[in-house]
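Structure record follows, encoded as structure tokens.
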Amino acid sequence: MKVARLVSSTAAAGAVLATLHTAFNLRRVRVPPLSPAEVTEPVSVLLPVRDEASRVGPCLHALLAQSGLRDLEILVLDDGSTDGTTDVVRSVVGDDPRVRLMTGESLPAHWLGKPHACAQLATAARGQVLVFVDADVVLEPHAVAATVSLLRSGGFDLVCPYPRQIANSAGERLVQPLLQWSWLTFLPLRLAESSSRPSLVAANGQLLACDAAAYGQAGGHSGVRNDVLEDVALARAFKSSGLRPIIADGTTVAVCHMYGSWDELREGYAKSLWSAFGSPAGAAAVCSLLGLLYLVPPLAALAGRGSVRRAGLLGTAAGVAGRVLVARQVGGRIWPDTLAHPLSVAAFIGLTTDSISRRRRGSLTWKGRAL
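When you number the sequence shown by our numbering, it's gap-free, plus one each residue, and the end is 566.
Shown next as structure tokens:
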């Protein structure tokens, strides 16, 4: 009984502290301005695509509708698509002089596809600011100008405004809200901005803007050529070079619908979760912490008695409260989705285990390429 009381009280205290940190972060998270000043410097928006015929249309329409940019170029690189992606691109952009459609080169050894595509785009770009966008992202008309404004006004070198994540199916609603919740809960945002430690970064390549000169100084995508999580690796390379990368709340500037089904979601997470925590031991440590903070309390609430049950109820409530706070900030569903937080964490642990297992078997692929 003493062990149960100690474990449940420790878990509850940890969950409460984590949610207090979430609230602290939400008061300090950077947000792109709603009414940015006109951007006068040249800006290059860079869009890598591979088999994105069903998604790229809305993305391109949004890029063509960007406002507040005096000198904009849009470079689209087709990386060996076989589903008619280039036909969709041509039909949307027409003869717009701001857009150039490029054909990607063959993938060299020791490169992954997305870093290679991004590196080619950056080489061809002429902008002083490089804005990388994924094909499943739809920007608000002020998004690029607002992102550049945040980059320049804060004296930063790289900015990732995290898009609002669209989640429709049950599986998406269970797992996708953890994306924003995780960094808003566990990353000390302002300390991360001032620290020189590469480990204190978060990033999202769905929408990423950087100073072109700083990109070169950090080694660009050639320096992260074999990283599955190339966005995080790029942010770490910036920090290692003495530069200032930050993550921001991009809810007001962009939305992203990453996956349309549980099978797509599972494949997407399997691709990257094995590398998210540095090693299997790191993944085990993170999953153990998540299990302690967010699975032990509901189990204690259900099976415990007296002080064990009370600690479990407190810890469970704290976990749900943290999800509610983040959902309100990022425009996510609140009820009943946040009540499923323990199930969300359990699903994430399962996806991490699946990813590591498939990596060890050598069975991971993404868009027809082995990882």
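We put the beta carbon where it would ideally sit given N, CA and C, even for glycine. Bear in mind that the values here come from a model prediction, so they are computed numbers and not experimental data.
*Can you tell me the Cα-Cα spacing of Arg223 and Tyr357, whole angstroms?*
Here the question's residue 223 lines up with position 28 in the sequence shown. Here the question's residue 357 lines up with position 162 in the sequence shown. Roughly 15 Å separates the two Cα atoms.
*Ordered along the chain, which non-local residues of its own chain (more than five positions away) have a Cβ less than 6 Å from that of Asp406?*
Here the question's residue 406 lines up with position 211 in the sequence shown. Excluding positions up to five away in sequence, the list reads Asp352.
_Best match in Gly418, Thr560, Thr380, Arg461 for proximity to Leu546 [C-alpha to C-alpha]_ = Mapped onto the sequence shown, residue 546 falls at position 351. Residue Arg461 is the option with its Cα nearest to Leu546.
_If you follow the alpha helix (DSSP H) that Gly252 is in, where does it begin and where does it stop?_
For the purposes of this step, residue 252 is taken as residue 57 along the sequence shown, with counting starting at 1. Here the alpha helix (DSSP H) through Gly252 covers 251 to 259.
*asked:* Quick test of your reading: Arg431 and Leu307, contact by CB under 8 Å. State the CB separation rounded to the nearest angstrom.
replied: Taking the sequence shown and counting its residues from 1, one reaches residue 431 at position 236. Taking the sequence shown and counting its residues from 1, one reaches residue 307 at position 112. That belief does not hold up - the Cβ atoms of Arg431 and Leu307 are roughly 16 Å apart, past 8 Å.
*Close beta carbons around Ala496, own chain, < 7 Å, minus the five adjacent residues each side*: On the sequence shown, position 301 is the one that residue 496 refers to. Here the set comprises Arg504, Gly507, Leu508, Thr511.
*State the DSSP-derived secondary structure class of Glu300, mapped to helix, strand or coil.*
Taking the sequence shown and counting its residues from 1, the one referred to as residue 300 is at position 105. Of the three classes helix, strand and coil, the one that applies to Glu300 here is coil, per DSSP.
*Comparing alpha-carbon positions, which option in Ser539, Ala516, Asp444 lies nearest Leu485?*
On the sequence shown, position 290 is the one that residue 485 refers to. Out of Ser539, Ala516, Asp444, Ser539 has the C-alpha closest to the C-alpha of Leu485.
*Can you give the beta carbon distance from Thr217 to Thr446, rounded, assuming they're within the 8 Å contact cut?*
As a working note, residue 217 is residue 22 in the sequence shown. As a working note, residue 446 is residue 251 in the sequence shown. That belief does not hold up - the Cβ atoms of Thr217 and Thr446 are roughly 15 Å apart, past 8 Å.
*asked:* Could you tell me which whole beta strand (DSSP E) segments of length 3 or greater appear in the region 349 to 404?
replied: 353 to 360
*Fully enclosed by the region 470 to 543, which alpha helix (DSSP H) runs are 4 residues long or longer?*
DSSP assignment within the region 470 to 543 yields the following whole alpha helix (DSSP H) runs of 4 residues or more, N-terminal first: 475 to 489, 491 to 498, 501 to 525.
*Ser456 - DSSP class collapsed to helix/strand/coil*: Locating residue 456 in the sequence shown gives position 261, where the first residue counts as 1. Three-state result, Ser456: coil.
*Hey, could you find the ends of the alpha helix (DSSP H) Asp426 is sitting in?*
Numbered from 1 along the sequence shown, position 231 holds the residue referred to as residue 426. Where Asp426 is concerned, the enclosing alpha helix (DSSP H) stretches over 425 to 435.
*Exposed or buried, which one is Ser286 when buried takes at least 16 other CB atoms within 10 Å?*
The residue given as residue 286 occupies position 91 in the sequence shown. Burial call: exposed.
*Please report the residue range of the beta strand (DSSP E) in which Gly445 lies.*
Walking along the sequence shown from the start, residue 445 turns up at place 250. Element bounds for Gly445: 440 to 451.
*asked:* When you compare the CB positions of Pro228 and Ala341, do they come within less than 8 Å of one another, or not?
replied: Taking the sequence shown and counting its residues from 1, one reaches residue 228 at position 33. Taking the sequence shown and counting its residues from 1, one reaches residue 341 at position 146. Using a Cβ distance threshold of 8 Å, Pro228 and Ala341 count as a contacting pair.
*Gly571 and Trp376 look like a contact to me (Cβ under 8 Å); what is the Cβ gap, rounded to whole Å?*
It is not possible to answer for residue 571, since the shown part of the chain is limited to 196 through 566.
_Please state the DSSP three-state secondary structure of Ser239._
For the purposes of this step, residue 239 is taken as the residue at position 44 of the sequence shown. The answer is strand: DSSP assigns Ser239 an E or B state.
_CA nearest to the CA of Ala213, picked from Gly263, Val423, Gly514_ = On the sequence shown, residue 213 is found 18 positions in, with the first residue counted as 1. Cα-wise, what sits closest to Ala213 is Gly514.
*Can you tell me which of Pro383, Ser239, Ala480 puts its alpha carbon nearest to the alpha carbon of Ile441?*
Indexing the sequence shown from 1 puts residue 441 at position 246. With distances taken between CA atoms, Ile441 lies nearest to Pro383 out of Pro383, Ser239, Ala480.
*Under three-state DSSP, which class holds Glu335?*
Counted from its first residue, the sequence shown places residue 335 at position 140. Coil.
*asked:* Can you tell me whether Arg505 sits near the ligand FAD, meaning its C-beta is under 7 Å from at least one heavy atom of the ligand?
replied: The ligand FAD is absent from the structure shown, which contains no ligands of any kind.
*Segment contact flag, the region 409 to 417 with the region 453 to 471, C-beta cutoff 8 Å, min 3 pairs*: no
_Reduced DSSP category for Arg556 - H, G, I as helix; E, B as strand; rest coil_ = In the sequence shown, counting from the first residue as 1, residue 556 sits at position 361. Of the three classes helix, strand and coil, the one that applies to Arg556 here is helix, per DSSP.
_If distances are taken between C-alpha atoms only, which option among Ala304, Val427, Leu241, Pro531 comes closest to Cys355?_
Position 160 of the sequence shown, counted from the start, is the residue given in the question as residue 355. Per the Cα distances, Val427.
*Specify the secondary structure class of Ser232 as computed by DSSP and reduced to three states.*
For the purposes of this step, residue 232 is taken as residue 37 along the sequence shown, with counting starting at 1. This sequence places Ala at residue 232; Ser is not what is there. It is coil, neither helix nor strand.
*Just mark Pro292 as buried or exposed, buried being the case when its beta carbon has 16 or more other beta carbons within 10 Å.*
Residue 292 sits at position 97 when you count from the first residue of the sequence shown. Exposed, since its Cβ has fewer than 16 Cβ neighbours within 10 Å.
_Distance CB(Asp246)-CB(Asp278) smaller than 8 Å_ = Position 51 of the sequence shown, counting from 1, holds the residue named residue 246. Position 83 of the sequence shown, counting from 1, holds the residue named residue 278. Taking 8 Å as the Cβ cut-off, Asp246 and Asp278 qualify as a contacting pair.
*Look at the alpha carbon of Gly366 and the alpha carbon of Asp532, and state the distance between them as a whole number of angstroms.*
For the purposes of this step, residue 366 is identified with residue 171 of the sequence shown, where counting begins at 1. For the purposes of this step, residue 532 is identified with residue 337 of the sequence shown, where counting begins at 1. C-alpha separation (whole angstroms): 11 Å.
*Where do the ends of the beta strand (DSSP E) carrying Val202 lie?*
Your numbering for residue 202 matches position 7 in the sequence shown. Not the beta strand (DSSP E): Val202 falls in the alpha helix (DSSP H), residues 197 to 221.
*Find the nearest neighbour of Gly400 within the set Gly557, Gly418, Ala387, Leu424, judged by alpha-carbon distance.*
As a first step, residue 400 must be located in the sequence shown, where it is residue number 205. Of the candidates Gly557, Gly418, Ala387, Leu424, the one whose C-alpha sits nearest the C-alpha of Gly400 is Leu424.
*Inter-residue spacing [alpha-carbon to alpha-carbon] between Ser390 and Gly437*: For the purposes of this step, residue 390 is taken as residue 195 along the sequence shown, with counting starting at 1. For the purposes of this step, residue 437 is taken as residue 242 along the sequence shown, with counting starting at 1. Here the alpha carbons of Gly437 and Ser390 stand approximately 10 Å from one another.
*Taking Gly299 and Gly275 to be in contact with their CB atoms under 8 Å, please state how far apart those CB atoms are, rounded to whole angstroms.*
The residue labelled residue 299 in the question sits at position 104 within the sequence shown. The residue labelled residue 275 in the question sits at position 80 within the sequence shown. Taking C-beta atoms under 8 Å as the contact rule, Gly299 and Gly275 qualify, at a distance of about 6 Å.
*Assign Pro186 to one of two classes, buried (16 or more other C-beta atoms within 10 Å of its C-beta) or exposed (fewer than that).*
Here the chain comprises residues numbered 196 to 566, so residue 186 is not present and cannot be evaluated.
*What is the residue span of the beta strand (DSSP E) that Leu316 lies within?*
As a position in the sequence shown, residue 316 is number 121, starting the count at 1. Not the beta strand (DSSP E): Leu316 falls in the alpha helix (DSSP H), residues 308 to 319.
*Whose C-alpha, out of Val448, Gly463, Ala449, is nearest the C-alpha of Gly455?*
The residue you call residue 455 lines up with position 260 of the sequence shown. Ranking Val448, Gly463, Ala449 by Cα distance to Gly455 puts Gly463 first.
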